[in-house]
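Report on the structure given below.
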Amino acid sequence: MATIKDVARRAQVSTATVSYVLNGTGVVSEPTRARVLAAVAELGYQPNHSARALRTRSHTIGIVAPGIAGRLADPATAELLAGLSEAATTAGYCLLIASPTAAESEDELALRLARSGRVDGLVVFDLRRDDERPARLAAAGVPTIAIGAPTPGLSCPVAGFDLRAGAEQAINHLARLGHRRIALITAASDLSVSEQFYAGYRAALHTHGLRREAALVIEAGSSEDDGVNAMQELLAMRTPPTAVLAASDTLAFGAMHAIRDAGLTVGKDVSVVGCDDLPLAAHTYPPLTTLHAPHRELGTVLARHLIGLVERRNVPEVTLLPLRLIIRHSTAAPVRAAG
């Protein structure tokens, strides 16, 4: 079994530096931190946390995410947290929600909560490609589960939605309606979920013999305004798309606004598909075709699996819940030919 000295030797640093990296203390350069985390992963190093395991559990699981208070207004986040809280309560646990301040990073807050005994395990929000957070928490002996899509070398279980299959459903629907020029408005490209959504889009285009064009893929943020801006960029093309798939309902709502502002009709001139199935999706004009994402169920899965890790039970490494296409009136056969 690897020791902290083995990690230090592999990373060519002192054992104190390894401790600084794993515990989020001290000042360590980014290249050094990356070397230490790589050594931890390569050697499969796990610190001896027997003392921590023997202490009385707090029976609390936690979420640390920047700007979490603002996200509570988002129905999808609210549903996910409701599922987490209900499942935790059923199992005899509480849910702690925390957001870092300017004086403390997300990693520092997460490690402080775990080391102080405030939480028994943590949920990592917005899993990114090459994300160091799970490795640092796992190396520090903190039971951890991530929300997102599986990524190479991930050191903790992950739960999320089957976004690849969902995107394929949406593109299949649009292609069968006769659309040949289909755009994608995606979230930030460094998010693990964006890669999977794009993979499904790409695979479905190939299935239907449709040409993939880089200009038809717009990376946006997460707000409705981001959806507006992305759709305006698409509509300004010499040959605009006749259909668009958005990575969220919020982005789709923005796209619908931009289409109407351009004097066009959603569904008739440009078809729009979202992803989430927020309550508002059924009441937009026209009602939005979207991929239903069971956010509350995902919250339940996250809580159950994290508590399983805390209680040293085996849990699945990857859990992806299926998305279901809800067809409404924002999609229809194209009335104009696309180039």
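So the sequence shown is numbered by the working numbering: it starts at 102 and just counts up by one.
Glycine included, every Cβ here is placed at the ideal spot set by N, Cα and C.
Note that this is a predicted model, so its numbers are computed, not measured.
Pairing leucine 292 with arginine 229 gives a Cβ-Cβ distance under 7 Å. Residue state for arginine 313 is assigned as coil, using DSSP reduced to three classes. Of all C-beta pairs linking the stretch 281-301 to the stretch 345-365, three or more are shorter than 8 Å, placing the two stretches in contact. The beta carbon of glycine 267 is closer than 7 Å to those of Gly301, Cys376, Leu392 and Leu424 in its chain, skipping five residues each way along the sequence. If you draw a straight line from the Cα of leucine 311 to the Cα of threonine 340, it is about 15 Å long.
Excluding sequence positions up to five before and after leucine 144, its CB lies within less than 7 Å of the CB of Ala103, Asp107, Val108 and Arg111, all in the same chain and listed in chain order. Counting the other CB atoms within 10 Å of its CB gives isoleucine 428 a total below 16, which places it among the exposed residues. Sixteen is the threshold: since fewer than 16 other Cβ atoms of the shown chains lie within 10 Å of the Cβ of glutamate 131, the residue is exposed. With contacts defined by Cβ atoms closer than 7 Å, leucine 403 and valine 114 do not form a contacting pair. In the DSSP assignment, alanine 266 falls within the alpha helix (DSSP H) that extends over 264-278.
In the displayed model, histidine 160 falls within coil according to three-state DSSP, outside both helix and strand. Fully contained in the stretch 196-254 are the following alpha helix (DSSP H) runs of length 4 or more, in chain order: 207-216 and 234-240. Cβ atoms of methionine 332 and valine 318 stay farther apart than 8 Å, at about 13 Å.
In summary, proline 235 is buried, with 16 or more beta-carbon neighbours lying within 10 Å of its beta-carbon over all protein chains present. If you draw a 10 Å sphere on the C-beta of serine 217, you find fewer than 16 other C-beta atoms in it, and that means exposed. As a beta-bridge residue in DSSP terms, histidine 393 pairs with Asp377 and Arg425. Straight-line spacing of the CA atoms in alanine 383 and aspartate 263 works out to 22 Å.
Going by C-alpha positions, aspartate 378 is about 6 Å away from alanine 394. If you compare the alpha carbons of Ser256, Ala305, Phe298 and Leu182 with that of isoleucine 272, the shortest gap goes to Ala305. Excluding the 5 residues flanking it on each side, proline 380 has same chain C-beta neighbours closer than 8 Å at Pro176, in chain order. In this structure the stretch 239-252 does not lie against the stretch 278-285, because fewer than three pairs of beta carbons, one per stretch, are closer than 8 Å. The three-state secondary structure of valine 345, taken from DSSP, is strand. Between threonine 133 and alanine 140, the alpha-carbon positions lie close to 11 Å from each other. Here the alpha carbon of alanine 239 sits roughly 15 Å from the alpha carbon of valine 416. Here the alpha carbon of valine 294 sits roughly 11 Å from the alpha carbon of phenylalanine 226.
Straight across, the Cα-Cα distance linking isoleucine 105 with alanine 241 is about 12 Å.
With respect to proline 244, glycine 222 sits close: the two C-beta atoms are nearer than 7 Å. If you draw a straight line from the Cα of threonine 202 to the Cα of isoleucine 164, it comes to about 14 Å.
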